[in-house]
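These notes are about the structure you will find just below.
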Amino acid sequence: MSTDDPAPDSQTGDGASRPKSRRGELLVAVFSMIVILSTLTWLTVDRWQIVRRDAESNSANSAVFLADHAQRLFESAELVLGETMVLIAGLNWQGIRGDRRLWQSVTGLARRFPYIDAISLHTSSGELALTTHEWPPPADNVSGRGFFRAHLEPESGLHVGLPTEDEVTGKRSFMLSRRLEGSDGRFFGTVSITLNLDYFTSFYRSIHLRHSPVVTLFRRPGREVLVQVRSDGLANDTVLPFDARTGTMPGMALHAVDDVGNLPVAVSVAIPAASLWAAWREGVLAYALTAGAALMALGLVVASALRQTREEGRYREELERHVAIRTRDLSQANRQLEVLFREVQHRVRNNLQVITSLLRLQAARVTDPAIRASLRQSVERIQAMGLVHRLLYGTEEPSDLDFPTYLRLLADHLTSMHGMRDRIEIRTSSEPAHLDLDVAIPLCLIVNEVLSNALRHAFPDGKGTILVEFRPEPAEGGRWLLDVTDDGVGLPPGLDWHREGGLGFQIVRTLAASIGGEAGFGNGPEGCRGTRFTLAFPARH
Amino acid sequence: MKILIVEDNALVALDLEQQLLSAGHSVAGIAATVEEAVDLASDGANLALVDVLLADGSSGADAAAELKERFNIPCVFVTATLPEQPEVRRMGLGHLSKPYTGKDVLDTVAAAAAMIAGGRPANMPPRFTPF
């Protein structure tokens, strides 16, 4: 057996489908990666929207809550201012300065509120007339201060001052003040409350607000900061001012502002951009980790699939190579067998020719007509076998004989050989049948004997018809039926073909028995002359 | 009719010669190789009956070609199996298949004579295939 490499085209086989399948796997992998990354992108964007909406809602709610708290506190402070004004009603400045009981009442009033540092009264010239800080009041004049000048105007209402820091205590505070008027409506002086900013600071720090906002209590309209607390725990002394143009603070992502009642004060809750990003990052981290794990798993699966595909490709190539080699070897062996078979057929037919020639040469030297006739019959029998081999040559199934074709050829050959082509007609009628040679050759010789016998003896006047039929026997399943009928003179009366000693009959008997057949000679159909031969034999042995 | 027999099997050739002579034909000779066929053809013949495989391994087709081209002698191939090459068919009038009967031989010669004369054979023997 040859182990040469097969032809290049047989090596490649259906190789084009392998890159295709790899491309398909890669496409699926890329598609999966796109899906994962798209989902991650969508989730992160969505997360940002959620965080922002949550922060907006929280900051707005916080601003409302803190503004309400400030309003309550300012209302209390206004009540204290009103109470103080009631206490000094009808008194002049001299009486107020010298009334210790009044000072004690006002001081008691101030102490009732933790966020009130002090209550002060100033005369129309700005002199300090009473302060809950100490008795008697120290010399002080506020005529140059902003709040005092603001109250010089009638209808000045509640004035909110800017924050200040006590030089000694370091306490930070701001002032609420009102104009005092005499019964004639003239400017009498001012009453003011100093509010402790630390109270606000500690209150704002005591409540937990999400997203670490910057809470600012500021004075409208100039947005001067009164209190500012950063709840991110990084509070420092530096106050974040409002931008004069935009009214926002730098670095803040969101601003929620709510006015404190009708007062010129408002609360701002601003959320730093950094806080929003931190909240977003915290939410997205889980997504990113999940997506990362999915991508890693996908990568492993793809790598494994590609490796498997490559291995399968190598195995398939190897298999195809072996198959190609085997196929080529088998084809070669088949061709050799074919050549051998043709050669054998050629030699068989040549040998049959040699035998025929020998018999003819012998016959030419014999003077006895009976012996010459016997030799001629032997030649005919060899010719009948030669026809079988002629049909087998060139056929794709050398072990089967196409019997209908054989019948036609044999009929033509016999009428031609006996010189009866124009006078004796042999009609053949056969179902399609491919017979095994073990059956075919005896059957062919039987038909040859029967037809030769008919041609020699049935038609003394040289004219007639022979009908040859070959078909499956209807009644007996699995058997073939050969029926040869002629319209000749019929068998000699009293002939028992079973006992007849002629070689022809003997050959028919012997060959019929060899294929398990039942043969019989008889007269033609009733009312007609002639001979009928029938042979039934099993289809398979 | 003068007929040249190109056949390497002596017995078959002898039988052929006997059949032809008994039918009144004359035989130009029996050749077993191309060389012998060419030698015998120089005496002239009307027809050659040529086997395809000859004694020295030479081809009957070559013999037929020589006879046709050099001596204008038409051929009938007499062989069990005819090679499938188309050029073989161009070299002859037809093919008589072995094993044949004596009548086949005589009918084939008659058919070949009719073909040489440019007519149609009256009786085509079953084993003879005209080209």
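So the protein sequences, as listed, match chains H and A.
Residue numbers for the first sequence follow the numbering used here, so the first one is 1161 and each next one is one higher.
Residue numbers for the second sequence follow the numbering used here, so the first one is 660 and each next one is one higher.
Built from N, CA and C at the ideal position, the CB exists for glycine as well.
These figures come from a predicted structure and were not determined experimentally.
Proximal chain H residues relative to residue i, where beta-carbon distance stays under 8 Å
| i | result |
| --- | --- |
| A:D674 | T1516, S1517, L1518, R1520, L1521 |
| A:Q677 | R1520, L1521, A1524 |
CB contact check: residue i to chain A, cutoff 8 Å
| i | result |
| --- | --- |
| H:I1626 | no |
| H:I1542 | yes |
| H:S1576 | yes |
| H:A1600 | no |
| H:Y1475 | no |
| H:H1506 | yes |
| H:R1502 | yes |
| H:G1546 | yes |
| H:V1539 | yes |
| H:D1572 | yes |
| H:D1164 | For H:D1164, the predicted structure reports a pLDDT of 44, less than 50, and the residue's modelled location is therefore unreliable. A value from the coordinates is still provided. No, its Cβ sits nowhere closer than 8 Å to a Cβ of chain A. |
Three-state secondary structure (DSSP) of residue i
| i | result |
| --- | --- |
| H:D1164 | With a pLDDT of 44 at H:D1164, under the threshold of 50, the predicted position of this residue should be treated as unreliable, though the coordinate-derived value follows. Coil at H:D1164, not helix or strand. |
| H:Q1537 | helix |
| H:Q1171 | Below a pLDDT of 50, predicted positions are generally treated as unreliable, and H:Q1171, at 43, falls in that range; the measurement from the model is reported next regardless. DSSP places H:Q1171 in helix when its eight states are reduced to three. |
| H:D1277 | strand |
| H:R1581 | coil |
| H:E1252 | Glu is not the amino acid found at residue 1252 of chain H; the sequence shown has Asn there. If DSSP states are grouped into helix, strand and coil, H:N1252 belongs with coil. |
| H:A1593 | coil |
| H:T1267 | helix |
| H:P1373 | coil |
| H:R1110 | Not covered by the structure: residue 1110 of chain H. The range shown for chain H is 1161 to 1701. |
| H:A1512 | It should be noted that the sequence gives Leu, not Ala, for residue 1512 of chain H. Three-state result, H:L1512: helix. |
| A:N782 | coil |
| H:M1335 | strand |
| H:D1300 | coil |
| H:N1422 | coil |
| A:S718 | strand |
| H:A1230 | helix |
| H:A1453 | helix |
| A:D763 | helix |
| H:F1347 | strand |
Short CB-CB distance (under 8 Å) between residue i and chain H
| i | result |
| --- | --- |
| A:A772 | no |
| A:S756 | yes |
| A:V665 | no |
| A:G761 | yes |
| A:T740 | yes |
| A:P785 | yes |
| A:G753 | no |
Whole-Å CB distance - residue i paired with residue j, under 8 Å assumed
| i | j | result |
| --- | --- | --- |
| H:R1520 | A:G761 | 6 Å |
| H:W1253 | H:A1289 | 5 Å |
| H:S1391 | H:L1369 | 5 Å |
| A:P742 | A:A720 | 7 Å |
| H:L1547 | H:L1569 | 5 Å |
| H:A1334 | H:T1350 | The sequence given here has Phe at residue 1334 of chain H, not Ala. That pair is no contact at about 15 Å. |
| H:L1318 | H:E1238 | 6 Å |
| H:R1207 | H:W1437 | At roughly 11 Å, the Cβ-Cβ gap does not stay under 8 Å, so H:R1207 and H:W1437 are not in contact. |
| H:L1551 | H:T1565 | 6 Å |
| A:L675 | A:I664 | 5 Å |
| A:K661 | A:A691 | Their Cβ separation, rounded to whole angstroms, is 19 Å, which puts A:K661 and A:A691 out of contact at 8 Å. |
| H:E1510 | A:A739 | The residue asked about is misnamed: residue 1510 of chain H is Asn in this sequence, not Glu. Indeed, because the Cβ distance is near 5 Å, the residues count as touching under 8 Å. |
Identity of the residues DSSP links to residue i by a beta bridge
| i | result |
| --- | --- |
| A:I664 | A:I689, A:L708 |
| H:V1385 | H:F1378 |
| A:G753 | A:V735, A:P789 |
| H:E1235 | Answer is none; H:E1235 lacks a bridge partner. |
| H:T1354 | H:A1278, H:M1335 |
Interface residues of chain H facing residue i [CB-CB closer than 7 Å]
| i | result |
| --- | --- |
| A:V671 | Q1513, V1514, S1517 |
| A:A700 | Going along chain H, no residue has its Cβ under 7 Å from A:A700, so there is no contact; the nearest lies around 24 Å. |
Per-residue contacts from residue i into chain H (C-beta, under 9 Å)
| i | result |
| --- | --- |
| A:N668 | N1510, Q1513, V1514, S1517 |
Proximal chain A residues relative to residue i, where beta-carbon distance stays under 7 Å
| i | result |
| --- | --- |
| H:Y1566 | Result: empty, since nearest Cβ-Cβ is about 12 Å, beyond 7 Å. |
| H:R1550 | S756 |
Chain-ordered chain A contacts of residue i [CB-CB under 8 Å]
| i | result |
| --- | --- |
| H:L1569 | P785 |
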